[in-house]
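In terms of mature numbering (1 follows the signal peptide of the UniProt record, and there is no 0), the sequence shown is residues -25 to -1, 1 to 155. The beta carbon of each residue, even a glycine, is placed where N, CA and C say it ideally should be. A quick note: this is a predicted structure, and the numbers were derived from the prediction, not measured.
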Amino acid sequence: MFRPWRALLMVAALVTLHGLTSVEATVEETCSAASNGDRRVSYDFCVSELNRHRDSTGADIAGLAKVAANVGLNNAGGAINEMEALLAAAPSPEAKALRLCEKLYYDMELGFAGAYDEINARNYTAGRQMAADADALVRRCTGGFADAGLRPPEPVVRRSAYAVQIAIVCTAITNLIISP
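Have a look at this one:
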């Protein structure tokens, strides 16, 4: 005699045994788990930014980590464009700090691209580290202004805060894959 509850129990056991992590994950569930795993994650920021990206719909956890890396890459590219515009009118001490930031944001752009590629290749630890490196790059950028006795211009402050937050989101989501 066929018992439906036994079939469901068997499916649940197989899923557990095989550790299927490619199951679709919602942005909200993933951001909640990420913020529970890392107190630095802003749930609202995570949900807002990941939901804006076209690849978030139907993505699994690794897909959402790649979305976060891609969003970080796009932010770094936008920051470079804004810094180039600021450099056209910047006085000398500010220009030196902006040039340093521009270089660091090129490195950040490559870092987020590398994070995307490593996560895509299922090398999650390397991908996580590449995304996490954005924080050090931001500190060096803003430190260049502090060393010159200057305050960073608003676009640098805004892009830097965003870069740190999206890097935290990317690393926290990747951590969900590494240690579920």
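Distance from Met83 to Leu73 at the Cβ level is roughly 15 Å; contact not present, criterion being Cβ atoms closer than 8 Å.
For Val42, same chain residues with a beta-carbon under 6 Å away, outside a window of 5 residues either side, are Leu25, His28, Asp30 and Ser31 in chain order. In the structure shown, Thr100 adopts helical secondary structure according to DSSP, grouped into three states.
In the DSSP assignment, Ser135 falls within the unbroken alpha helix (DSSP H) covering Glu129 to Ile153. A Cβ-Cβ distance of about 15 Å is found for the pair Gly47 and Ala101, leaving them out of contact under the 8 Å criterion.
For Arg74, the enclosing alpha helix (DSSP H) begins and ends at Ser67 to Asn95.
Beta-carbon to beta-carbon, Thr146 and Arg97 are separated by about 16 Å, too far to satisfy the 8 Å threshold.
For Gly119, the three-state secondary structure derived from DSSP is helix. Residue state for Ser31 is assigned as coil, using DSSP reduced to three classes. If you draw a straight line from the Cα of Ile55 to the Cα of Glu129, it comes to about 14 Å. Rounded to the nearest whole angstrom, the C-alpha separation of Tyr137 and Asn45 is 13 Å. Excluding five sequence positions before and after Cys76, the CB atoms of its chain that fall closer than 7 Å to its own CB belong to Met58, Cys116, Gly119 and Val131, given in chain order. Judged by DSSP in its simplified three-state form, Gly38 adopts helix. Each residue's CA atom was taken as its position, placing Ile36 and Pro127 some 35 Å apart. Membership of Thr5 in the alpha helix (DSSP H) is indicated by the continuous run Val2 to Gly12. Distances from the CA of Tyr80 to each of Leu125, Asn95 and Ser135 were compared; the closest alpha carbon is that of Ser135.
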